[in-house]
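Peer 1: What follows is a single structure, and I will ask about it in a moment.
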Amino acid sequence: MLFTALFLFLAVVLGLVFDGARLYFERQRVQAAADAGAIGGVQELRRANNDYQSDVLPAAKNDIALHGFNDSNSSIVVNMPPTSGEHIGDSKYVEVFVSTQVPTSFMRMFGPMMSTVSGRAVSGLKATGDPCIIALDPDDSDAFKHNGNPTLTTDCGIMVNSNSATAMREVGTGCITASWVGITGGYSGNCINPTPATGIDAVIDPLLTLPVPDYASMANGYVTASAGSLAFGGSSFAAKGGNGNGNGNGNGNGNGNGGGSGSGGGSDPVEHYWPGYYANEIKIQNGAAVFEPGVYVLEKGLKITGGNVTGSEVFFYNVNADGKQFIDIGGNATFQLSAPTSGPYKGMLFFNNRNAPDRSPGNKIARGTEDSYLVGALYFPSQHLDWAGNPENHIFWTMVIANTINISGTADVMVLNRPTQAQAPPAYRTVLWE
Amino acid sequence: MKHCKFRFLGKQGGAMLEFAVVLPLLTIMSFGAADFGRLFMETAIVANASGAGAIYAARSTKEASDLAGAEAAVLANVNGLQSVTPDVTKLCDCPGSPGAWVSCGSTCAGYGLPRIYIRSKANKSFDTIGFYPGIPNQVGIDISTWLRVQ
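Read top to bottom, the protein sequences are chains A and B. Residue 282 in this note's numbering sits at position 279 of the first sequence, with consecutive numbering throughout. Residue 99 in this note's numbering sits at position 74 of the second sequence, with consecutive numbering throughout.
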């Protein structure tokens, strides 16, 4: 009798343990589904797809379904903004509840035939120091290097995604001053203001969803020439030397007819580049050139080593399939290029193919003359950017994103991240908060 | 008065008989409890390892391409459990056709770059230490964790 009683007692206990363990396991599954749903919803927010009904809700439910839960076998609630917890009312966060009924095996002897397990997750976008200079490489040493004499000053942040112990290196006599400096790994250097925050989660490329121009059917770009002069800054100068032949780079029509040997200004030819697809490198070594407003797709890069180059409302996409067709701007050139202020490439000046292999020496933005400036984002997500200082008091109103960045030279660089000018979206990272 | 037919065994004998009847069941239950405990523990470990691989790869699109690193993350979280097989995959789809996997370098009409997912699978074969009639003595633990990267 005693054995039988003990046996029955043991059977009941084991049964309860069995049911409890199963419920625990189901709880893990439901929680994983809720986590995935919250992150899935927030990924839409990161793409600026902010509509709850058409963007966030279906994305969250899709990712919950990947874990086996849907409206027919569970209860799913997606809230944007959250209705509970620390982020009530914050529309950059998504809250997900998933609950499901699990049939009991032994516990039903005591009544409950089903038991409810549920999970809750809150995920959101967290601004990461508002960086306007970002080195994306995840593990390179010297992913961001600052050497030589220049000072680097920004009114926004610097983020280095590399987890290397020497992800950021500051050498030489210049200093870095930014509103915030974050590094996933570590750094060396003694003139970085403020002191970098290390161990910061890598940020997601804020321009990740920027679409590549559809250039399959794009008309070829071409070059024309006209007589005239270009005005830079507060002074004007004559276009130098040009022979008015239109250099025929790209597939251009190269039909310049400005000819002549003008001197002193007013009559020298100016090459006019027109938007479109350029199959060959655009190379400007001297003379005056104007990039007319629009989208330029460059198969083999852009090289400006001299001359006087202007262009407003211009955007350059570099196909650079083999990774060796760089953007190379500097030398003795005077360049004044600014990004579109409206349209899909608002704020974007240079965009290098995301899949371009990272080859040496990389893209180069050098100092140019004292009247030079660039307005707009410099975006080289898979490649190196060698960035030499611009003369003092000249400002890049821009955002700089590259795989790795090296700042060198002798003059100062200033980066301002102005919302009224050409600004790219702020960097956010996705966080699973609760 | 009715006589019990095992009365000749006496009180101690009765207890022994009862014990003899219950012992096999008790043995099966003990092994069953031990096996269930092991199964539960190993499932929890495999699920945790699967999640670790997904979290590793979902940190960024760069890590999403480091599938070997993600599988190493799975194996680093098995707490000494042997024979866990990781299988981390990067998959991409468009919102209009969920689950219809496309090249991650492609473009979704009206959406841009496709959604990127990491599927972190971890599996292990579990062998029972006892034999239970009608119940297989080998079962597979196969856990997948999905996380969206982009």
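Backbone N, C-alpha and C define an ideal beta-carbon position, used for all residues, glycine too. Keep in mind the model is a prediction, meaning the values are calculated, not measured.
Give, in chain order, every residue of the segment 21 to 45 of chain A whose Cβ lies closer than 7 Å to some Cβ of chain B.
Peer 2: Hits within the stretch, in order: F21, A24, F28, Q31, A35, A39, I42, G43.
Peer 1: Could you give the DSSP three-state label for E295/A: helix, strand or coil?
Peer 2: In the structure shown, E295/A sits in coil (DSSP, three-state: anything other than H, G, I, E or B).
Peer 1: Quick check: A72/B and I143/B, are their CB atoms within less than 8 Å of each other?
Peer 2: No, these two residues do not count as a Cβ contact at 8 Å.
Peer 1: Could you name the residues of chain A that R84/B contacts, counting a contact when the two beta carbons are closer than 7 Å?
Peer 2: The answer, in chain order, is A205.
Peer 1: How big is the Cα-Cα spacing for Q47/A and T52/B?
Peer 2: It is Glu, not Gln, that sits at residue 47/A in the sequence shown. About 55 Å.
Peer 1: Whose Cβ in chain B lies nearer than 7 Å to the Cβ of H70/A?
Peer 2: Those within 7 Å of H70/A in chain B are W171.
Peer 1: Can you pull out the residues from the segment 358 to 371 of chain A whose beta carbon lies closer than 9 Å to at least one beta carbon of chain B?
Peer 2: Cβ contacts with chain B come from N358.
Peer 1: Please classify L42/B as buried or exposed, where buried requires at least 16 neighbouring CB atoms within 10 angstroms.
Peer 2: Exposed.
Peer 1: Within the segment 291 to 356 of chain A, note down every full alpha helix (DSSP H) run reaching 4 residues or more, in order along the chain.
Peer 2: Those alpha helix (DSSP H) runs which fall completely within the segment 291 to 356 of chain A and span 4+ residues do not exist here.
Peer 1: Looking at the unbroken beta strand (DSSP E) that takes in K64/A, where does it start and where does it end?
Peer 2: Segment 60 to 68 is the alpha helix (DSSP H) holding K64/A; no beta strand (DSSP E) there.
Peer 1: Report yes or no: is there a C-beta of chain A within less than 8 Å of the C-beta of L51/B?
Peer 2: Taking Cβ atoms only, chain A reaches closer than 8 Å to L51/B, which makes this a yes.
Peer 1: Which term fits G247/A, buried or exposed, when burial requires 16 or more other beta carbons within 10 angstroms of its beta carbon?
Peer 2: In this prediction, G247/A scores a pLDDT of 35, lower than 50, which makes its location untrustworthy; the coordinate-derived value is nonetheless stated afterwards. G247/A comes out buried.
Peer 1: Per DSSP, what are the beta-bridge partners of W171/B in this structure?
Peer 2: W171/B pairs with R144/B.
Peer 1: Please compile the residues from chain A whose C-beta is within a distance smaller than 7 Å of the C-beta of T114/B.
Peer 2: Under the 7 Å cutoff, chain A gives no residues; its nearest Cβ is about 12 Å from T114/B.
Peer 1: Which residue comes first and which comes last in the beta strand (DSSP E) that contains E274/A?
Peer 2: First-last of the beta strand (DSSP E) with E274/A: 272 to 277.
Peer 1: Out of A24/A, F72/A, F329/A, point me to the one whose CA is closest to P364/A's CA.
Peer 2: Of the candidates A24/A, F72/A, F329/A, the one whose C-alpha sits nearest the C-alpha of P364/A is F329/A.
Peer 1: Could you tell me which residues DSSP puts in a beta bridge with C133/B?
Peer 2: DSSP output for C133/B lists G137/B as bridge partner(s).
Peer 1: Assign M110/A to one of three DSSP states: helix, strand, or coil.
Peer 2: Looking at M110/A - three-state DSSP - the assignment turns out to be helix.
Peer 1: Would you mind telling me which residues of chain B sit closer than 9 Å to P445/A, beta carbon to beta carbon, in chain order?
Peer 2: This structure leaves residue 445/A out entirely; chain A is present only between 4 and 437.
Peer 1: Where DSSP assigns a beta bridge to N196/A, which residues make up the other side?
Peer 2: Its beta-bridge partners are T180/A.
Peer 1: Identify which residue in K303/A, R25/A, A63/A, P214/A has its Cα closest to the Cα of A22/B.
Peer 2: Past the edges of chain B, shown from 26 to 175, lies residue 22/B, and the structure says nothing about it.
Peer 1: Is the segment 268 to 287 of chain A touching the segment 301 to 316 of chain A in the sense that three or more CB pairs, one from each, lie closer than 8 Å?
Peer 2: Yes, the segment 301 to 316 of chain A touches the segment 268 to 287 of chain A.
Peer 1: Which class does S94/A belong to by DSSP, given the choice of helix, strand or coil?
Peer 2: If DSSP states are grouped into helix, strand and coil, S94/A belongs with coil.
Peer 1: Kindly say whether F61/B, judged by its beta-carbon, lies nearer than 8 Å to any beta-carbon of chain A.
Peer 2: Yes, contact with chain A.
Peer 1: Which residues of the segment 298 to 329 of chain A have a Cβ closer than 7 Å to any Cβ of chain B? Give them in chain order.
Peer 2: So the list is empty, because no residue satisfies the distance condition.
Peer 1: Any contact between the segment 158 to 166 of chain B and the segment 29 to 43 of chain A? By contact I mean 3 or more CB pairs, one from each, below 8 Å.
Peer 2: At 8 Å Cβ cutoff, the stretches do not touch.
Peer 1: Quick one: give me the first and last residue of the alpha helix (DSSP H) that L92/B is part of.
Peer 2: L92/B -> alpha helix (DSSP H) spans 92 to 100.
Peer 1: With C-beta atoms as the reference, is P49/B less than 8 Å away from G78/B?
Peer 2: Not closer than 8 Å, so no.
Peer 1: Does any residue of chain C have a CB that is nearer than 8 Å to the CB of F151/B?
Peer 2: Absent from the structure: chain C. Protein chains present are A and B.
Peer 1: Mapping the DSSP letters down to three states, classify R30/A as helix, strand or coil.
Peer 2: Reduced to three states, the DSSP call for R30/A is helix.
Peer 1: Could you check what DSSP says for V47/B in three-state terms: helix, strand or coil?
Peer 2: Helix.
Peer 1: Using a C-beta to C-beta distance shorter than 7 Å, which residues of chain A count as neighbours of Q175/B?
Peer 2: Chain A residues near Q175/B: Q46, L211.
Peer 1: Three-state secondary structure (DSSP) at M466/A?
Peer 2: For residue 466/A there is no data in the structure shown, the boundaries of chain A being 4 and 437.
Peer 1: For I442/A, tell me which candidate among L17/A, D54/A, V81/A has the shortest Cα-Cα distance.
Peer 2: Outside the modelled stretch of chain A, which goes from 4 to 437, sits residue 442/A, for which no answer is possible.
Peer 1: Taking CB distances under 8 Å as the criterion, tell me whether F65/B reaches chain A.
Peer 2: With 8 Å as the cut-off, F65/B counts as an interface residue toward chain A.
Peer 1: So for I404/A, helix, strand or coil by DSSP?
Peer 2: Strand.
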